[in-house]
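Before any comments, here is the structure.
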Amino acid sequence: MDARSWDMFRSGRNQAAKSLLGHGVAGVLILALVLTGASRAPASSPKGVDPTGRYLVDQEGQPFFWLGDTAWNLFQVPNREDAELYLATRARQGFTVIQAGIVMGEERVAGTARPNTYGDTAFIDNDPARPRVTPGSDPKVAEEYDYWDHADYVIDRARAHGLTLGILPLFVGWRGDGYKYLKTSNAYAYGKFLGERYRAKPHIVWILGGDNVADTEEKRTLWSLVAKGITEAVAGAEDYSKTMMTYHCPGGNSSSKWFHAAPWLDFHMIQTWGDYKSIPARIAADYKLTPPKPTGLGEGAYENGNQYKWTVNALAIRQQAYWSYLSGGYHTYGNTDVWNFSSYKGEAFQDWKRALRAPGAQHLGVLRKILGSLEWWKLVPDAAVLAGATKALAMRSTQGDTILVYLSNPAAISVRMDKLTGPGAVHATWIDPRTGDRTEAGTFPTRGTSSFSPASGWEDALLLLQPAGR
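Just so we're aligned, residue 297 is where the sequence shown starts under the numbering used here, counting upward by one.
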């Protein structure tokens with residue numbers, strides 16, 4: 297960072313400090329997050345796909361663990377201080393990716409291509425080929441600090457907190473409201489604008505679409521033009537190895553339905569919305585495609601959501617996540633009060649700042665620690681390790697010496713121990729997904745079948761089998 301950039305950063309941080317200190321104890325708490333988060337070194341971001349086609353890798357070729365959160369209105373609703381609070385909190389909780397629409401075109405939420413919290417709009421006359429950009433970027437001067445300056449701020453703060461941003465260029469919505477603005481005639485120009493503005497931001501993954509089917513040739517052409525515009529601006533040519541892209545579809549679909557062969561699409565994204573029990577089957581369907589591409593859940597059932605016929609509690613959140621990972625995919629979480637930052641009264645009933653601390657979100661931090669303690673990228677789905685009828689999901693390491701089983705409804709299970717290779721005995725451990733607490737279950741020979749029963753009172757459970765002594 298050069299001297300001028302540092303001065304601008306320090307000035308912006310000091311301005312935030314003055315504002316926050318005016319809010320008493322709460323302001324001091326948020327200020328602590330601002331100051332401590334500012335010095336955090338950027339974490340890795342996905343830059344490619346492993347040669348196996350099963351998981352994402354960073355710029356060093358190391359496995360990237362995608363634990364996402366849906367914050368669709370991050371660029372529109374929160375002011376600078378609130379965006380900072382949100383990003384700092386999610387980073388501290390263990391999330392690695394934030395999914396957000398840099399422009400929201402869904403009219404049920406916005407009524408138009410939504411202005412941001414400062415009253416600024418993204419486009420002149422709602423035309424994506426004409427971004428509304430003003431000279432200067434001083435947040436203290438309203439005439440200078442435009443829509444895109446605020447987007448820049450959010451993007452930079454995400455990187456400071458070590459977060460990857462999954463940015464939707466224009467969230468068109470399930471009814472396709474955004475297609476009133478984004479058309480084949482301006483798609484390339486808009487993509488080029490985004491690519492030019494953000495080509496130096498290594499922590500961005502582009503998520504095209506936005507809750508919409510690509511069921512016509514015109515739509516598929518439109519998104520291909522957006523992808524081409526972004527990529528040519530980033531790489532100087534139509535070289536899709538220089539960008540990371542996927543497509544966000546509506547519930548009950550996967551990007552593979554329309555774009556498996558698209559040269560710009562690096563990995564797949566499914567959505568189940570309320571039908572989250574279909575996660576294993578939907579990820580398994582993508583997992584079987586050739587050539588293989590990473591896949592996972594981009595949107596499921598929202599914690600505390602009132603949109604469903606049941607309560608989406610912390611158990612349902614854990615089930616969705618473990619089903620995603622143990623099916624061979626990645627996972628994105630959502631909270632009904634957080635995604636719109638309490639701005640959409642049809643699906644938000646408590647303050648989003650309180651909802652940030654919902655139990656499900658906390659439990660996903662535990663999940664990351666559990667899977668992070670394993671070489672998760674070497675685990676592949678393998679139902680054959682389980683004997684008898686069961687709804688449990690299992691993975692086995694590529695070396696064959698480790699088995700991980702998730703029981704969404706704890707019950708006794710039988711494991712085919714002869715599926716394990718290596719030493720003649722393995723150590724068994726039960727893990728409570730709520731807390732990460734471990735209970736030793738004993739040592740077992742790697743032959744025949746062994747039965748295991750989780751502790752009484754657990755809502756769900758993980759069983760880990762590893763070589764004795766590890």
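Just so you know, even glycine gets a beta-carbon here, dropped at the ideal spot from N, CA and C.
Item: Name the two residues that bound the continuous alpha helix (DSSP H) containing P424.; Value: Premise fails: P424 lies in the beta strand (DSSP E), D423 to P427, not in any alpha helix (DSSP H).
Item: Whether or not the segment 643–657 and the segment 624–634 are in contact is what I'm after, with contact meaning three or more pairs of Cβ atoms, one per stretch, closer than 8 Å; do they touch?; Value: yes
Item: In whole angstroms, give me the CA-to-CA distance for A485 and F371.; Value: 21 Å
Item: Taking DSSP as the reference, what is the three-state secondary structure of I526?; Value: helix
Item: Give me, in chain order, the residues of the same chain whose beta-carbon lies closer than 7 Å to that of S527; leave out the 5 immediate sequence neighbours on both sides.; Value: The residue asked about is misnamed: residue 527 is Thr in this sequence, not Ser. Same-chain partners within the cutoff: G491, E534, D535, Y536, K538, T539 and W560.
Item: So, is I420 buried or exposed, given that buried needs 16 or more other C-beta atoms within 10 angstroms?; Value: exposed
Item: With DSSP collapsed to three states, give me the class of W606.; Value: coil
Item: Which ranges would you report for the beta strand (DSSP E) in the segment 612–675 if only whole runs of at least 3 residues count?; Value: 627–629
Item: According to DSSP, is M691 helix, strand or coil?; Value: strand
Item: If you draw a straight line from the C-alpha of Y477 to the C-alpha of F489, how long is it?; Value: 15 Å
Item: Can you tell me where the alpha helix (DSSP H) holding E244 begins and where it ends?; Value: With the chain covering 297 to 766 only, the question about residue 244 has no answer from this structure.
Item: Quick check on the burial criterion: 16 or more other C-beta atoms within 10 angstroms. Buried or exposed for K665?; Value: exposed
Item: To the nearest angstrom, how far is it from the Cα of P424 to the Cα of I398?; Value: 12 Å
Item: State the CB to CB distance for the pair V468 and G505, rounded to an integer number of angstroms; the pair is presumed to be in contact (CB under 8 Å).; Value: 7 Å
Item: Considering Cα atoms alone, identify which of A496, S520 and K553 is closest to A531.; Value: A496
Item: Residues in its own chain within less than 7 Å of W754 by CB, not counting five upstream and five downstream?; Value: P706 and D728
Item: L682 to W619, Cα distance in whole Å?; Value: 16 Å
Item: What are the uninterrupted segments assigned as alpha helix (DSSP H) that are 4 or more residues long and contained completely in the segment 478–507, given in chain order?; Value: 483–494
Item: Output needed for P435: all residues of its chain with C-beta closer than 6 Å, excluding positions within five of it in sequence on either side, in chain order.; Value: Y441
Item: For chain C, find out if any of its Cβ atoms is closer than 8 Å to the Cβ of A483; answer yes or no.; Value: Note that chain C does not occur in the displayed structure, where there is just one protein chain.
Item: Pair every Cβ in the segment 385–395 with every Cβ in the segment 354–370, then say whether three or more of these pairs are closer than 8 Å.; Value: yes
Item: By Cβ distance, which residues of its chain are closer than 6 Å to G432, with the 5 residues on each side in sequence left out?; Value: E440
Item: Among G661, A737, P374 and R388, which has the Cα closest to the Cα of R410?; Value: P374
Item: Taking only three categories from DSSP, how would you classify I709?; Value: strand
Item: Out of curiosity, what's the CA-to-CA distance linking A322 and K649?; Value: Any reading at A322 must be qualified, since the residue scores a pLDDT of 42, below 50, and its modelled position is unreliable; no value is offered.
Item: Under a Cβ-count criterion, where at least 16 other Cβ atoms within 10 Å of its own Cβ denotes burial, should A337 be classed as buried or exposed?; Value: Confidence in A337 is poor, its pLDDT being 47 and thus under 50, which makes the residue's placement unreliable; the coordinate value appears in the next sentence. With fewer than 16 Cβ atoms within 10 Å of its Cβ, A337 is classed as exposed.
Item: As a quick exercise: from A751, T731, D733 and R766, pick the residue whose alpha carbon is nearest that of T739.; Value: R766
Item: Who pairs with Q395 in a beta bridge, going by DSSP?; Value: T366 and G462
Item: Distance, Cα to Cα, G732 vs L703?; Value: 15 Å
Item: What is the C-beta distance between T742 and M713, in whole angstroms, given that I count them as a contact (C-beta under 8 Å)?; Value: 5 Å
Item: Would you report the Cα separation of P587 and G625, rounded to the nearest angstrom?; Value: 16 Å
Item: Drop a sphere of 10 angstroms on the beta-carbon of G720, count the other beta-carbons inside from all chains shown, and report buried for 16 or more, exposed for fewer.; Value: exposed
Item: Considering only DSSP beta bridges, list what P741 is partnered with.; Value: A721
Item: Which first and last residues belong to the alpha helix (DSSP H) in which Q389 is found?; Value: R376 to Q389
Item: Round the Cβ separation of V522 and A483 to the nearest angstrom and send it over; I've been treating them as touching at under 8 Å.; Value: 5 Å
Item: Looking at the structure shown, is W470 part of a helix, part of a strand, or coil, going by DSSP?; Value: coil
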